[in-house]
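Just below is one structure, and these are the notes that go with it.
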Amino acid sequence: MRILLLLALIGAWFKELPAQYVLIGQAAYMNNDCIQLTPDVAYSEGIAYYRTRLNLRHFFQVEFDIYLGDKEEGADGITFVIHNDRRGFEAFGTWGECMGYGRWSKYYRAGAFIAPSIAIEFDTYPNWQQNDPLHDHVAYLEDGTNYHEAWWPLHETHFNLEDDRLHSFVFRWEPDSQQITVWLDGQMVYRGRRDLINEVFKGEPYVIWGFTASTGRASNLQYFCLRNMAMKN
Ligand SMILES: [Ca+2]
Ligand SMILES: [Ca+2]
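Under my numbering, the first residue of the sequence shown is numbered 117, with each subsequent residue one higher.
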């Protein structure tokens, strides 16, 4: 009897593990301990938020593997988002090129977008409205717009993330220096300084974080898998 109870408890504990995330849209748990954001289906959108808020007064580092599909002409990409949108764990952005995070144009305030926020996008489809280069890229975004002036890589114009492989992604926040650093496959792809608490989140240090993704006319299977997490709340 005791053994049965113990087994039931262990079973319950393992089932609890994935429930660390709030899932929206087509986001779903997979058999490989990863979380699907979108299936390889046109006009899909999925979001996964970690249930525990992040305290930006403390050091934060997460390491994930991300998968952006196997079709080079697929779409649209994944964003890693940190936000304090008033919709909380129900916040979502627009589908297609907006990746479930942003809106159609930086001048267009209607429609769904996540703000206040910052995001790192892994963009696999060129869209002129968002100032995308013709190749896949990584960019820093703010306040629910996918429009960006800068991106990585600058010169590798055949860069492709839809290669049927997992790509390692590390995001680090250092509160003392107010520095954000991002690595992709071991290479530093973004570093910037920003007073996130005061300049972006209006004095609020407790924020929600997770991943968003979507597809449009073109699609890809897109998912992420947790590798390591260092956070204090
Ligand atoms: Ca591509
Ligand atoms: Ca794009």
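Idealized CB from N, CA, C, for every residue including glycine.
Legend entry - Beta-carbon separation (whole angstroms), Ala228 vs Phe205, contact threshold 8 Å: About 15 Å; that fails the 8 Å criterion.
Inset, instruction - Quick one: residues in its chain with C-beta nearer than 6 Å to the C-beta of Ile313, no 5 flanking neighbours on either side, listed in chain order? - result: Leu172, Pro321
Legend entry - Pairwise C-alpha distance: Gly216 and Met146: 20 Å
Legend entry - Reference Ser221; option with closest CA among Glu315, Gln142, Glu258: Glu258
Inset, instruction - Give the secondary structure of Leu337 by DSSP, where H, G and I count as helix, E and B as strand, and everything else as coil. - result: Three-state DSSP puts Leu337 in coil, outside helix and strand.
Legend entry - Cβ contact (3+ pairs, closer than 8 Å) linking the stretch 178–187 and the stretch 334–348: yes
Legend entry - Unbroken beta strand (DSSP E) run spanning Met304, endpoints: 303–309
Inset, instruction - Please name the residue, chosen from Lys318, Ala266, His264, that lies closest to Ala231 on a Cα-to-Cα basis. - result: Lys318
Legend entry - When His271, Trp244, Leu250, Asn276 are compared against Tyr263, the one with the closest alpha-carbon: Trp244
Inset, instruction - Label Ala266 either buried or exposed according to how many other C-beta atoms from any shown protein chain fall within 10 Å of its C-beta, with 16 as the threshold for buried. - result: exposed
Inset, instruction - Whole angstroms is fine: what's the gap from Asp248's alpha carbon to Cys214's? - result: Spanning the two alpha carbons is a distance of roughly 12 Å.
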